[in-house]
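Engineer: Here it is, the structure, as structure tokens.
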Amino acid sequence: MDIKEAINGIENIGILTKKNANIDAIGASLALFFALRSMGKKTYFPSNNLPDEIIKFTNKKNGKQFQVTFSEEISEVYYEKKDKG
Numbered sequence: 326m327d328i329k330e331a332i333n334g335i336e337n338i339g340i341l342t343k344k345n346a347n348i349d350a351i352g353a354s355l356a357l358f359f360a361l362r363s364m365g366k367k368t369y370f371p372s373n374n375l376p377d378e379i380i381k382f383t384n385k386k387n388g389k390q391f392q393v394t395f396s397e398e399i400s401e402v403y404y405e406k407k408d409k410g
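In case it helps, the working numbering puts the sequence shown at residues 326 to 410.
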């Protein structure tokens, strides 16, 4: 079995790096993350403890991320951001 067959046979994929991975390893992991997502895979890459260079590049506050998934097709999404206080 080659890697393409293995990937086609699974739906959920987690991508991990070593603790304190350098920016090149994280960049390669993120490239794999987006490639798998484009193939329709449910892909998870933990975003805690990312280096400042990655956080600045992705423009995420504190490296936190969330994903919202809808089981039905929708035509519009609305969200409201409220200040803490």
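Ideal Cβ placement from N, Cα and C applies to all residues, glycine included.
Going straight from the alpha carbon of residue 379 to that of residue 373, what length do you get?
Structural biologist: Translated into positions along the sequence shown, residue 379 becomes position 54. Translated into positions along the sequence shown, residue 373 becomes position 48. Taking the straight line from one Cα to the other gives about 11 Å.
Engineer: Please name the residue or residues paired with residue 338 in a DSSP beta bridge.
Structural biologist: Walking along the sequence shown from the start, residue 338 turns up at place 13. For residue 338, which the question treats as bridged, DSSP gives the partners 368.
Engineer: Can you give me the Cβ contacts of residue 342 inside the same chain, cut-off strictly under 8 Å, excluding the 5 residues immediately before and after it?
Structural biologist: Numbered from its first residue, the sequence shown carries residue 342 at position 17. If we look at residue 342 and ignore the five residues flanking it on each side, its Cβ neighbours are 350, 351, 354.
Engineer: Report the three-state DSSP secondary structure of residue 333 (helix, strand or coil).
Structural biologist: As a working mapping, residue 333 is identified with position 8 in the sequence shown. Residue state, collapsed to three classes: helix.
Engineer: Using only the heavy atoms of the ligand NAP, determine whether one of them is closer than 7 Å to the beta carbon of residue 354.
Structural biologist: Among the components modelled here there is no ligand, and therefore nothing to report on the ligand NAP.
Engineer: Quick one: does residue 328 have its CB under 8 Å from some CB of chain B?
Structural biologist: Among the protein chains of the structure shown there is no chain B, as only one such chain exists.
Engineer: Express the C-alpha separation of residue 407 and residue 364 in angstroms, rounding to a whole number.
Structural biologist: Taking the sequence shown and counting its residues from 1, the one referred to as residue 364 is at position 39. Taking the sequence shown and counting its residues from 1, the one referred to as residue 407 is at position 82. Roughly 34 Å separates the two Cα atoms.
Engineer: How big is the Cα-Cα spacing for residue 359 and residue 346?
Structural biologist: Locating residue 359 in the sequence shown gives position 34, where the first residue counts as 1. Locating residue 346 in the sequence shown gives position 21, where the first residue counts as 1. If you take the alpha carbons of residue 359 and residue 346, they lie about 18 Å apart.
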